[in-house]
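For the sequence shown, our numbering gives the first residue as 13, with consecutive numbering after it.
For glycine and all other residues, C-beta sits at the position ideal for the given N, C-alpha and C.
Here the structure is a predicted model, which is why all the values come from computation and not from measurement.
Some notes on the structure that comes next.
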Amino acid sequence: MTKITIAVIGGGLMGAGIAQVFAAAGHKAAVHEPFDAVRETLIERIRAGLVQVGDNPALADNVSATADLAEAVREAAFITEAAPEKLELKRSIFAKLIELAPADAILASNSSVMPIGSIAAGLPSAERIVGTHWWNPAVLIPLVEVIQGAETSDATVAATMDLLASVGKKPAHVKKDVAGFVANRLQHALWREAIAMVADGICDAKTVDDCVKNSFGLRLPVLGPLENADLVGIELTRDIHRTIIPELNRDSTPSPLLDTMIAAGKLGFKSGEGFQRWSEADQAALRQRLVDHLVAARQAAGE
Ligand SMILES: NC(=O)c1ccc[n+]([C@@H]2O[C@H](COP(=O)([O-])OP(=O)(O)OC[C@H]3O[C@@H](n4cnc5c(N)ncnc54)[C@H](O)[C@@H]3O)[C@@H](O)[C@H]2O)c1
């Protein structure tokens, strides 16, 4: 694909990762970050990120950082907003992008959960506003969900999917602007049942996680749930669901167990205990295992 100019709005955790992906693929990426302390470390963070995954650290030269939004987007063909998750802030950024960026630039938001329609509502150019939901760490997780709002054009979606695929991502077209898109809906359906089983005393938290990691978790990288349904057969799937579906948790609010834990100060890593106890060494070891696993998966995929 022809190299284009990318702009990224917000140079925090996700913005830096997104800029790194485009820079590693040879695109120029201009990052707008208003806070000096964050902006001044951006290029070094990206250089370290490139080293971590075995890429040439000199590719960080493709990234520039600026406090000036107009300068960042003036020549951009594709812009990804990765500013804080606040609707009015995002809407004001998009209003400025429409004013400052080229009239044919694609304007994407990395919002975790906001419907892209709520960001684009009432703004001109809604046909070129699209959701691109990257996952953390942006460099190592292949999926980017591409969310089509009611007004997003098919051409915007197609160009976004092509660009993301060309930089090594696995874009997925989400055809309806629903909360949680696809992957977080699936992930949190699993979390709801996991938390309910602990709350109901069926097993403890470590057992839940061990059951996942030692069974279907091992198959998931090569066998998705619907491939699995085809593999075992649709009649068997229906027979299993006749028994199990009525048994599954269907609460429409967060589990009361979470409220109890929060009231008891069991906040997870940050307080040293959540569903399990976590020493600082345990936390560091788990974070390292995760990065090692993701780097190995990326290398195994030849990327
Ligand atoms: N962290 C994750 O795991 C994750 C995953 C997927 C999506 N997201 C989404 O990505 C977005 C960014 O999240 P993050 O984790 O990188 O947050 P972050 O706090 O690390 O980065 C946000 C950056 O935006 C900057 N900023 C603040 N006001 C700004 C403005 N007016 N214009 C431009 N930049 C501004 C901040 O200084 C900060 O550096 C959020 O919408 C978040 O929900 C986060």
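Can you give me the Cβ contacts of residue i inside the same chain, cut-off strictly under 6 angstroms, excluding the 5 residues immediately before and after it?
| i | result |
| --- | --- |
| residue 15 | 38, 39 |
| residue 182 | 154, 155 |
| residue 165 | 139 |
| residue 71 | 35, 36, 62 |
| residue 129 | 161, 162, 189 |
| residue 206 | 220 |
Looking only at its chain, what residues have a beta carbon closer than 8 angstroms to the beta carbon of residue i, apart from the 5 residues adjacent to it on each side?
| i | result |
| --- | --- |
| residue 346 | The structure shown does not extend to residue 346, since the chain is modelled only from 13 through 315, so no value can be given for it. |
| residue 119 | 91, 93, 106, 109, 110, 113, 137, 140, 141, 142 |
| residue 233 | 309 |
| residue 101 | 95 |
| residue 18 | 31, 34, 39, 40, 41, 42, 88, 89, 90, 91, 92 |
| residue 291 | 284 |
| residue 172 | 90, 118, 120, 142, 144, 158, 183 |
| residue 306 | 149, 152, 153 |
| residue 198 | 237 |
| residue 135 | 103, 106, 107, 110, 141 |
Return the Cβ separation of residue i and residue j in integer angstroms, given the expectation that the two are a contact with Cβ distance under 8 angstroms.
| i | j | result |
| --- | --- | --- |
| residue 288 | residue 218 | 6 angstroms |
| residue 55 | residue 75 | 6 angstroms |
| residue 204 | residue 263 | 7 angstroms |
| residue 95 | residue 22 | 4 angstroms |
| residue 246 | residue 146 | Between residue 146 and residue 246 the Cβ distance is about 34 angstroms, and since that is not below 8 angstroms, they are no contact. |
| residue 320 | residue 192 | Coverage of the chain is limited to positions 13 through 315, which leaves residue 320 absent and any answer about it impossible. |
| residue 28 | residue 58 | 6 angstroms |
| residue 97 | residue 124 | 6 angstroms |
| residue 65 | residue 152 | 7 angstroms |
| residue 211 | residue 269 | 4 angstroms |
| residue 77 | residue 45 | 6 angstroms |
| residue 261 | residue 208 | 4 angstroms |
Less than 7 angstroms between C-beta atoms, sequence neighbours within five positions excluded: which residues of the same chain meet that for residue i?
| i | result |
| --- | --- |
| residue 195 | 155, 157 |
| residue 216 | 210 |
| residue 103 | 131 |
| residue 179 | 33, 34, 37 |
Just reading off the beta strand (DSSP E) that residue i is part of, what are its end residues?
| i | result |
| --- | --- |
| residue 21 | 17 to 21 |
| residue 118 | 118 to 121 |
| residue 141 | 141 to 146 |
Residue i lies in the alpha helix (DSSP H); which residues open and close that run?
| i | result |
| --- | --- |
| residue 129 | 128 to 132 |
| residue 111 | 99 to 112 |
TODO: Scan the region 27 to 94 and note each continuous beta strand (DSSP E) run of 3 residues or more that stays entirely inside, going in chain order.
DONE: 40 to 44, 75 to 78, 90 to 93
Open item on the list: Threshold first: 3 residues or longer. Then list the beta strand (DSSP E) segments lying entirely within the region 159 to 244, N to C.
Closed with: 182 to 186
Open item on the list: My parser needs the alpha helix (DSSP H) runs of 4 or more residues fully inside the region 236 to 306; what are they?
Closed with: 237 to 244, 246 to 256, 268 to 275
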